[in-house]
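If you read the sequences in order, they're chains A and B.
Taking our numbering, the leading residue of the first sequence gets 725, the next gets one more, and so forth.
Taking our numbering, the leading residue of the second sequence gets 725, the next gets one more, and so forth.
Worksheet: one structure, shown below.
Protein chains: 2
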Amino acid sequence: MGSPAQRRTTIKDVAEMAGVGVATVSRVLSGGSASAETRERVLDAATKLDYRPSALGRNLRQQRSGGIALLIPDITDSIYARLTDGVLSCARSYREPVTIGVTGDDPEQEADLVGSLLEQSMDRVVAVPSGNGEMWTPAIRAGLDVVFADRRVSGEQRALDEVPAVLADDRAGVRTAVEYLTGLGHRKIGFLARHGQAERVEAFRAALGDLLDEDLIVHARASRDSAYAAAAGLLQRRPDLSAVLAGGNKLGEAAVLAARELDVRIPRDLSLVMFDDVPWAELCSPPLTVIAQPGQDIGYRAAELVMRQGRRPRTVLLPTELIIRGSCGPRR
Amino acid sequence: MGSPAQRRTTIKDVAEMAGVGVATVSRVLSGGSASAETRERVLDAATKLDYRPSALGRNLRQQRSGGIALLIPDITDSIYARLTDGVLSCARSYREPVTIGVTGDDPEQEADLVGSLLEQSMDRVVAVPSGNGEMWTPAIRAGLDVVFADRRVSGEQRALDEVPAVLADDRAGVRTAVEYLTGLGHRKIGFLARHGQAERVEAFRAALGDLLDEDLIVHARASRDSAYAAAAGLLQRRPDLSAVLAGGNKLGEAAVLAARELDVRIPRDLSLVMFDDVPWAELCSPPLTVIAQPGQDIGYRAAELVMRQGRRPRTVLLPTELIIRGSCGPRR
DNA sequence: ACTCCCCATGGAAACGATTCCATCAGAATT
DNA sequence: AATTCTGATGGAATCGTTTCCATGGGGAGT
């Protein structure tokens, strides 16, 4: 607003005041070698002038803009908010800015965002991939450093298999939940899945074994409506259902709402286990039994991996935890 | 990973292929004047080479890195997640990247983040300010374009009064809630406030009038523990309390938990109105009556304002809405 | 026919940092 | 004493874009 906008102090100013060349200033400031006396003079001048190196100049020279990019499906979903929080907290310790983009679980938008990353010369990305991940291949070849979080891509291309991934141990989580439910006597167990949760569905199939009934596995899109429709549909279509595993907190919410609407009481008529522990799970009536995922940790570890240069593990599996509250009961 | 990392195509390559100078290419691509024939040749070459202008070069030249910075207290809080979503959705329509930082409601961290914005030459910020906002004054003078969202600063400095702000109409929200509660017969109404919610507290005082009892206004920090302590403390200290207004969803959650713990039944023994509608308010038992705030709109409008160059309104007030569910009853 | 003006155009400067390379002084080695 | 080595130092190139300015050609106006 009408400010005179004085020129910012550059490395040149510092060099002049310290009576040295710009190269020396740059070296001193980035830890290169210099004599003690020179170093002091430069540091002194920098402090006096309140010099802050311009990220712009550096970025152009190094052909890369620092910072971490983060691509998630939906920031309003608690699990991704926590993941984001983890990334931010790791990035902060490296003093790196974080640029965030939401994909809406849409591969097209995701590809679009990857494009704009390239345009910005960002070369470090933590991403929750949406599609089959084919848009990543060229970007990775172009030098992009990617770490997947929370999911990995189906992966047929070679390059994608090299991408490290930080994941919750879904298989173990699903298995534990299923064992818990079968232990309670349940035989007809449904699974409310979001599209793209292939791994969880697969684990569900494996865990159920003989009890598997494909008709009890239903898929929804990420939207609230779709989740509700899937839940209500399943409940109406299969009154013999006695337990449900919800693949995410939105689906869990939908299941609770649908059950309430259809006058199916939890846990008397229906047992419910939800993926992802959220604050409200405890406030819900009844309090929900959940498979907690370490969302914040996933983000933190993924950011850590993307910051590391050297060899990195291909996959990090983080443990889940079954938290038993009040939404499951014995089969009646 | 060991890729040859081929040089990216620059404007020079395009110029060469089109047989024109780089200046002409730049002009064509940024909508300057050029003959139809030249334009076509340039566009053709650009397409053929899959040329994407480097944001780095442009930023350095223009002395500003595009994009919007967003500073919020806590991304895992639903209200700020929605605000962020709004900012992202506006930014996307301008094709601008969004850099995000969390302040933890700590002025020191906030100042630190503002510093790093300057370093990055970001000049557009949407911020939920934490402290008294003094750290903003120099930054604004240095040419930073700021829009406050959700809160405004206490503001004693001239420069801060010029900063546009997009806010929920807290006063009206509080007034409506208080009127609703007094209408139900309540006389002893408490307020669980977060530090920094001066405006809401003030509105609360004004709305209560004669009924005001300063002892019923308690403050908590943003943390979960602090919120719980404040809620439990209030409930224990003043058993004569018959209704509570919670200043945010964390405080509402704390109130529900504390009431449950102390065997205070809602709404029989205590009526509860919570600021901020969250998905779980409906799932809670009983479903919570809330003052809904348009979090996403606040973010969108704030981002819109920060993108506009020209004259901007000083303050945008967005309406709140009282959503009556089941957490309030008549005084007993 | 002469002048004037406008527009398209390209060369070159600028942005602010890092880094290559040449230089030079002084120490260490032969 | 001559040579080599080491480490500090500064000049200049470089990154990719935008934008200033000079140039030149062609059309319009007198």
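A virtual CB, placed ideally from N, CA and C, is assigned to each residue, including glycine.
Only a predicted model underlies this, so the values are computations on that prediction, with no experimental measurement involved.
Integer-rounded CB distance, given that residue j should sit under 8 Å from residue i
{"i": "V890(A)", "j": "V871(A)", "result": "7 Å"}
{"i": "D801(B)", "j": "K974(B)", "result": "7 Å"}
{"i": "A901(A)", "j": "L969(A)", "result": "6 Å"}
{"i": "T762(A)", "j": "V746(A)", "result": "Going by Cβ atoms, the distance from T762(A) to V746(A) rounds to 13 Å, so no, they are not a contact pair."}
{"i": "R918(A)", "j": "A944(A)", "result": "6 Å"}
{"i": "V822(A)", "j": "I824(B)", "result": "6 Å"}
{"i": "L753(B)", "j": "L784(A)", "result": "At roughly 19 Å, the Cβ-Cβ gap does not stay under 8 Å, so L753(B) and L784(A) are not in contact."}
{"i": "A896(A)", "j": "T1044(A)", "result": "6 Å"}
{"i": "D1000(B)", "j": "Q1017(B)", "result": "5 Å"}
Within-9 Å CB hit, residue i to chain B
{"i": "C1008(A)", "result": "yes"}
{"i": "R962(A)", "result": "no"}
{"i": "D885(A)", "result": "no"}
{"i": "E843(A)", "result": "yes"}
{"i": "S840(A)", "result": "yes"}
{"i": "S778(A)", "result": "yes"}
{"i": "D809(A)", "result": "yes"}
{"i": "R945(A)", "result": "no"}
{"i": "R1038(A)", "result": "no"}
{"i": "A866(A)", "result": "yes"}
{"i": "G1053(A)", "result": "no"}
Residues bridged to residue i [DSSP beta-bridge criterion]
{"i": "M1031(B)", "result": "In the DSSP output, where bridge partners are listed per residue, M1031(B) has none listed."}
{"i": "V822(B)", "result": "I824(A), I792(B)"}
{"i": "F999(A)", "result": "I1015(A)"}
{"i": "I735(B)", "result": "Paired residues: none, contrary to the question."}
{"i": "R943(B)", "result": "First, the residue type needs correcting, since residue 943(B) is His and not Arg in the sequence shown. Paired residues: A917(B)."}
{"i": "A873(B)", "result": "V890(B)"}
{"i": "A967(A)", "result": "I913(A), S995(A)"}
{"i": "T1039(B)", "result": "A889(B)"}
{"i": "A851(A)", "result": "L795(A), F872(A)"}
{"i": "M846(A)", "result": "S789(A)"}
{"i": "L1046(A)", "result": "I1015(A)"}
{"i": "C1008(A)", "result": "C1008(B)"}
Beta-carbon proximity of residue i to residue j, cut-off 9 Å
{"i": "P1054(B)", "j": "L908(B)", "result": "yes"}
{"i": "P724(B)", "j": "S1051(B)", "result": "For chain B, the structure presents residues 725 to 1056; residue 724(B) sits outside this window and is missing."}
{"i": "D874(A)", "j": "I803(A)", "result": "yes"}
{"i": "I913(B)", "j": "E886(B)", "result": "no"}
{"i": "A967(A)", "j": "S950(A)", "result": "no"}
{"i": "S750(A)", "j": "I735(A)", "result": "yes"}
{"i": "V811(B)", "j": "V838(B)", "result": "no"}
{"i": "L1042(B)", "j": "D893(B)", "result": "yes"}
{"i": "A988(B)", "j": "T1013(B)", "result": "Residue identity differs from the one stated: residue 988(B) is Val in this sequence, not Ala. No, they are not a contact pair."}
{"i": "D809(A)", "j": "I799(B)", "result": "yes"}
{"i": "T827(B)", "j": "E834(B)", "result": "yes"}
{"i": "L807(A)", "j": "G1023(A)", "result": "yes"}
{"i": "L981(B)", "j": "E985(A)", "result": "no"}
{"i": "T770(A)", "j": "S845(B)", "result": "Correcting the residue identity first, residue 770(A) is Ala in this sequence and not Thr. No, they are not a contact pair."}
{"i": "L842(A)", "j": "A866(A)", "result": "yes"}
{"i": "L916(B)", "j": "G971(B)", "result": "yes"}
{"i": "L905(B)", "j": "L940(B)", "result": "no"}
{"i": "D847(A)", "j": "D869(A)", "result": "yes"}
{"i": "L983(B)", "j": "A953(B)", "result": "Sequence check: residue 983(B) is Ala here, not Leu. No."}
Chain A contact for residue i (CB, 9 Å cutoff)
{"i": "S727(B)", "result": "Low confidence applies to S727(B): its pLDDT is 44, below 50, so where it sits in the model is not reliable, and the reading given next is rough at best. Chain A, which has a Cβ nearer than 9 Å to the Cβ of S727(B), makes this yes."}
{"i": "T800(B)", "result": "yes"}
{"i": "A917(B)", "result": "no"}
{"i": "R1049(B)", "result": "no"}
{"i": "L812(B)", "result": "yes"}
{"i": "A930(B)", "result": "no"}
{"i": "V1030(B)", "result": "no"}
{"i": "P1003(B)", "result": "yes"}
{"i": "R732(B)", "result": "yes"}
{"i": "G1034(B)", "result": "no"}
{"i": "V806(B)", "result": "The sequence given here places Arg at residue 806(B); Val does not occur at that position. Judged by the 9 Å Cβ criterion, R806(B) is in contact with chain A."}
| task | Select from the segment 967 to 995 of chain B all residues with a C-beta closer than 8 Å to any C-beta belonging to chain A, and list them in chain order. | result | Cβ contacts with chain A: E977, V980, L981.
| query | Between the segment 758 to 776 of chain A and chain B, which residues of the former have a C-beta closer than 9 Å to a C-beta of the latter? | reply | Listed in sequence order: R776.
| field | Members of the segment 819 to 832 of chain A near chain B, C-beta cut-off 8 Å | value | Those residues of the segment 819 to 832 of chain A that come within reach of chain B (Cβ to Cβ, closer than 8 Å) are R819, P821, V822, T823, I824, G825, V826.
| query | Along the segment 779 to 795 of chain A, what residues have a CB closer than 7 Å to any CB found in chain B? | reply | Cβ contacts with chain B come from A779, L780, G781, N783, L784, S789.
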